[in-house]
Amino acid sequence: MRWIYLILAVVGTLLPYGAFLPWLIDNGPDLWQLIKDATVNSISVFAWLDVAIAAVALILFIVNDSRKHNVKYGYLAIMATLTIGVSAGLPLYLFLRHETEIVSQRLEGV
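With the working numbering applied, the sequence shown covers 7 to 116.
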């Protein structure tokens, strides 16, 4: 499963950036234009609010869960969530957590 999570993290990076980079090339780093284009209609606002709430929930989960399970690089999943999105942050965290479980099992001799 861990490699599936890692592949999903890569795909979750490439697909959103594949849509975003052409916009960035056309518009440059114009935050106000980004907000205007992202909220052009009610379905766009719905999608952005959905993703924003999911991102906040994911970050809170990562902070809590990574402390509870000693996930070493959980902060990388938070950074991925903030810079790419939930599509990269969630599968990256699942990969990191799975790796932590494997290491723990090896250390325990299971």
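In this text, a Cβ means the ideal position worked out from N, Cα and C, and glycines have one as well.
Note that this is a predicted model, so its numbers are computed, not measured.
| Query | Result |
| --- | --- |
| Secondary structure of Val62, DSSP reduced to three states | helix |
| Rounded separation between His75 and Arg112 - CA only | 15 angstroms |
| Ala44 and Trp54 closer than 8 angstroms at C-beta | yes |
| Cut-off 7 angstroms between Cβ atoms - residues of its own chain near Thr164, not counting five sequence neighbours on either side | This structure does not reach residue 164, given that the chain is present from 7 up to 116, and the question cannot be answered. |
| Arg8 CB to nearest heavy atom of the ligand GDP below 7 angstroms | The ligand GDP is not part of this structure, which contains no ligands at all. |
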